[in-house]
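All the letters of the sequence shown, read from the start, carry residue numbers 1 to 441 under our numbering.
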Amino acid sequence: MALKDTLKQKIEEHRPRTTKLTKEFGKVIIDQVTIDQCIGGARDIRSLVTDISYLDPQEGIRFRGKTIPETFAALPKAPGSAYPTVESFWYFLLTGDVPTAAQVAEVVAEFKTRQEVPQYVFDAIRALPRDSHPMVMLSVGILALQKDSKFAAFYNSGKFNKMVAWESVYEDATDIVARIPIIAAFIYNLKYRGDKQIAIDPTLDMGANFAHMIGQSEQYKDVARMYFILHSDHESGNVSAHTTHLVHSALSDPYYAYSAGLNGLAGPLHGLANQEVLGWIMEFQKKLAGAEPTKENVTKALWDTLNAGQVVPGYGHAVLRKTDPRYMAQREFCLATPGLKDDPLFKLVAMIFETAPGVLTEHGKTKNPWPNVDAQSGVIQWYYGVKEWDYYTVLFGVGRALGCMANITWDRGLGYAIERPKSVTTAMLEKWAADGGRQLS
1 MALKDTLKQK IEEHRPRTTK LTKEFGKVII DQVTIDQCIG GARDIRSLVT
51 DISYLDPQEG IRFRGKTIPE TFAALPKAPG SAYPTVESFW YFLLTGDVPT
101 AAQVAEVVAE FKTRQEVPQY VFDAIRALPR DSHPMVMLSV GILALQKDSK
151 FAAFYNSGKF NKMVAWESVY EDATDIVARI PIIAAFIYNL KYRGDKQIAI
201 DPTLDMGANF AHMIGQSEQY KDVARMYFIL HSDHESGNVS AHTTHLVHSA
251 LSDPYYAYSA GLNGLAGPLH GLANQEVLGW IMEFQKKLAG AEPTKENVTK
301 ALWDTLNAGQ VVPGYGHAVL RKTDPRYMAQ REFCLATPGL KDDPLFKLVA
351 MIFETAPGVL TEHGKTKNPW PNVDAQSGVI QWYYGVKEWD YYTVLFGVGR
401 ALGCMANITW DRGLGYAIER PKSVTTAMLE KWAADGGRQL S
């Protein structure tokens, strides 16, 4: 059974569950809202629904119920690789089923039919100032594709039917996932390789083809597969996923929605953090003045950082209270890769990992003293020669497309409503505070 047919069956089986919950249990209270949550960015308010992934404070991310190690172990591997293809992961995110090798081959073939990017997209990107940020280029590239949106065409056809609207979202979503690495490779070559473009290799899976198109090594093919999967989704509450969901809830098509999501991802408190961490690590390296990193000199440098009123970037997370499993997956890749495990920058990162949690715990001002994904990811890219760190968030954006597009396909499949939270005023909060939490009449 083809992926879209399998997905149709899954959606139709799932619809009665959400219908029953809404009709029979719609008024059941599942959370409370406090003043600090209202003022503090709606942190931890349970108000979004997704079955694609769940972020557990202790276990980290689970994709369709599986941890990262379980996901990597379960999915079919790329030929000659220890890592799954991105295509197998796409099937898994959409359906919750581990695909067979034959099903993966079908998705790989389908991506090949969709990955050709129209010339006008490249022309739109080239029309931007060459010193534009690569995330601007990526957002513009996705938005330029919008004129061919199948969802927009269906909505404007006069035959719009919400029960089958997900099918045209699926078409747009799959086109975006298949094309975004091609656009991303074009941007890299345009900005950093003198516009020396490399053609698609039709024999390669998505991750391997991306590596090929930016002139990377054979080893980097696994880096791309791993990186795109690890950055694919992180529940619905993060800025890029939530923005995509919010914009699409207005029935804006997937191109509008994901271009908006990418604009959120570009923020320094979200996807931009990985380049900031790498910059900090390199400055940290200078403090050691060429000395081999040890627990003693790294501990001293960390305390100097904290005593100067600065933070340790890459450590701490809004939800997690343990080491980010995405960090560990990348660390394991480094330790298993000859050359990389002995790289001076990785050795410093590894020593910070051994030392920083203890220092931060003793310092006492960090809720979570453990590393997140950004503490590791930039080092790998730097080792393989992708040293243009403005580009790192583009890599994040390629991976995040998988989760965002899977989520909005299911949003339409289940007919989720337009998102419209209710606002309150500061005076209302002050009145509730004075009344001890009693509601205003």
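For each residue, glycine too, the CB sits at the ideal point set by N, CA and C.
Values in this document were obtained by computation on a predicted structure and should not be read as measured data.
Residue of Ala224, Phe228, Gln197 minimising C-alpha distance to Met213: Numbered from 1 along the sequence shown, position 213 holds the residue referred to as residue 213. Among Ala224, Phe228, Gln197, the Cα nearest to that of Met213 belongs to Gln197.
Residues near Leu278 in its chain [Cβ-Cβ closer than 6 angstroms; skip 5 each side]: Along the sequence shown, one-based indexing puts residue 278 at 278. Correct list, in chain order: Gly378, Trp389.
Residues that DSSP places opposite Asp56 in a beta bridge: Your numbering for residue 56 matches position 56 in the sequence shown. Gly60.
Nearest neighbour of Lys7, chosen from His363, Thr366, Val98 [CA to CA]: Walking along the sequence shown from the start, residue 7 turns up at place 7. It should be noted that the sequence gives Leu, not Lys, for residue 7. Ranking the options by Cα distance to Leu7, first place goes to Val98.
Closest Cα partner of Ser252 within the set Lys4, Arg412, Arg62, Phe89: Mapped onto the sequence shown, residue 252 falls at position 252. Of the listed residues, the one whose Cα sits closest to Ser252 is Arg412.
Per-residue burial, Arg126 [other beta carbons within 10 Å of its own, 16 or more giving buried]: The sequence position of residue 126 within the sequence shown is 126, counting from 1. Exposed: under 16 other Cβ atoms inside 10 Å.
Beta-carbon spacing of Thr355, Thr299 below 7 angstroms: Sequence index remark: in the sequence shown, residue 355 carries index 355 (1-based). Sequence index remark: in the sequence shown, residue 299 carries index 299 (1-based). In this structure, Thr355 places its C-beta atom within 7 angstroms of the C-beta atom of Thr299.
Minimum C-alpha distance to Leu429 - residue among Glu110, Val386, Ile39: Working through the sequence shown from its first residue, we reach residue 429 at position 429. The shortest C-alpha separation from Leu429 is found at Ile39.
Short Cβ contact (7 angstroms threshold) for Val398 with Pro181: For this step, residue 398 is matched to residue 398 along the sequence shown. For this step, residue 181 is matched to residue 181 along the sequence shown. Result yes, Cβ atoms of Val398 and Pro181 sit closer than 7 angstroms.
Gln9 burial status per 10 Å Cβ neighbour count (16 or more: buried): Position 9 of the sequence shown, counted from the first residue, corresponds to residue 9. It counts as exposed.
Other residues of its chain near Asn274: CB distance less than 6 angstroms, five sequence neighbours each side excluded: Counting from one through the sequence shown, the residue named residue 274 turns up at place 274. If we look at Asn274 and ignore the five residues flanking it on each side, its Cβ neighbours are Asp374, Ser377, Gly378, Tyr392.
Pro254 - DSSP class collapsed to helix/strand/coil: Along the sequence shown, one-based indexing puts residue 254 at 254. Three-state DSSP puts Pro254 in a helix.
Where Tyr83 sits in the DSSP three-state scheme: What you label residue 83 is simply residue 83 of the sequence shown in a count that begins at 1. Shown here, Tyr83 sits in coil according to DSSP, grouped into three states, outside any helix or strand.
Proximity below 7 angstroms, CB of Gln119 to CB of Ala178: The residue you call residue 119 lines up with position 119 of the sequence shown. The residue you call residue 178 lines up with position 178 of the sequence shown. It is not a contact, given that the beta carbons lie outside the stated cut-off.
Cα-Cα separation, Gln103 to Cys404: As a first step, residue 103 is located in the sequence shown; it is residue number 103 there, counting from the start. As a first step, residue 404 is located in the sequence shown; it is residue number 404 there, counting from the start. If I take the Cα positions, the gap works out to 22 angstroms.
Where Lys365 falls, given that 16 or more other Cβ within 10 Å makes a residue buried: As a first step, residue 365 must be located in the sequence shown, where it is residue number 365. Exposed, since its Cβ has fewer than 16 Cβ neighbours within 10 Å.
Ala173 vs Thr409 beta-carbon contact at 7 angstroms: Stepping through the sequence shown from its first residue, residue 173 is reached at position 173. Stepping through the sequence shown from its first residue, residue 409 is reached at position 409. Cβ distance < 7 angstroms, so Ala173 and Thr409 count as in contact.
Uninterrupted alpha helix (DSSP H) stretches inside the segment 96-138 (no shorter than 4 residues): With a minimum length of 4 residues, the continuous alpha helix (DSSP H) runs that stay inside the segment 96-138 are 101-114, 119-126.
8 angstroms CB neighbourhood of Met384 in its chain, flanking five on each side removed: Along the sequence shown, read from residue 1 onward, the residue named residue 384 stands at position 384. A small fix is needed here, since residue 384 is Tyr in this sequence, not Met. Same-chain partners within the cutoff: Gln216, Ser217, Gln219, Tyr220, Val223.
Residues that DSSP places opposite Tyr315 in a beta bridge: As a first step, residue 315 is located in the sequence shown; it is residue number 315 there, counting from the start. BP columns for Tyr315 point to Pro371.
Opening and closing residue of the alpha helix (DSSP H) in which Val239 lies: Within the sequence shown, residue 239 is the residue found at index 239, counting from 1. 239-249 is the extent of the alpha helix (DSSP H) around Val239.
Cβ neighbours of Ser240 in the same chain (closer than 6 angstroms, five flanking residues each side left out): The residue you call residue 240 lines up with position 240 of the sequence shown. If we look at Ser240 and ignore the five residues flanking it on each side, its Cβ neighbours are Gly261, Gly264, Leu265, Arg400.
Which of helix, strand or coil DSSP assigns to Gly436: The count along the sequence shown starts at 1 and reaches residue 436 at position 436. Coil at Gly436, not helix or strand.
At least 3 beta-carbon pairs within less than 8 angstroms: the segment 123-139 vs the segment 225-242: no
Candidates Lys287, Glu24, His14, Ile35, of which the one nearest Ala433 by Cα: Indexing the sequence shown from 1 puts residue 433 at position 433. Nearest option by C-alpha distance: Ile35.
Cα-Cα separation, Asn297 to Ala291: Taking the sequence shown and counting its residues from 1, the one referred to as residue 297 is at position 297. Taking the sequence shown and counting its residues from 1, the one referred to as residue 291 is at position 291. Using only the alpha carbons, I get a separation of about 9 angstroms.
Residues bridged to Thr67 (per DSSP): Translated into positions along the sequence shown, residue 67 becomes position 67. DSSP lists Arg62 as partners of Thr67.
Candidates Pro76, Glu59, Lys4: closest to Arg225 by CA position: Here the question's residue 225 lines up with position 225 in the sequence shown. Arg225 has its Cα closest to that of Pro76, out of Pro76, Glu59, Lys4.
Interface flag, Ala406 vs chain B, CB-CB below 7 angstroms: No chain B appears in the structure shown, which is made up of a single protein chain.
Same chain, Cβ closer than 6 angstroms to Gln285, neighbours up to 5 away in sequence not counted: Translated into positions along the sequence shown, residue 285 becomes position 285. The residues are Leu348.
Where Ala322 falls: helix, strand or coil (DSSP): As a working note, residue 322 is residue 322 in the sequence shown. It should be noted that the sequence gives Lys, not Ala, for residue 322. If DSSP states are grouped into helix, strand and coil, Lys322 belongs with coil.
Where Ser259 falls, given that 16 or more other Cβ within 10 Å makes a residue buried: Taking the sequence shown and counting its residues from 1, the one referred to as residue 259 is at position 259. The residue is buried, with at least 16 neighbouring Cβ atoms inside 10 Å.
Residues near Ala341 by beta carbon distance below 7 angstroms, same chain, minus five either side: Counting from one through the sequence shown, the residue named residue 341 turns up at place 341. Going by the sequence as given, residue 341 is Lys instead of Ala. Cβ within range, chain order: Cys334, Leu335.
Simplified DSSP state of Lys150, which is helix, strand or coil: Here the question's residue 150 lines up with position 150 in the sequence shown. Residue state, collapsed to three classes: helix.
Among Phe63, Pro421, Ala211, the one whose alpha carbon lies nearest that of His231: The residue given as residue 231 occupies position 231 in the sequence shown. His231 has its Cα closest to that of Phe63, out of Phe63, Pro421, Ala211.
Asp5 burial status per 10 Å Cβ neighbour count (16 or more: buried): Locating residue 5 in the sequence shown gives position 5, where the first residue counts as 1. When all chains shown are included, Asp5 counts as exposed.
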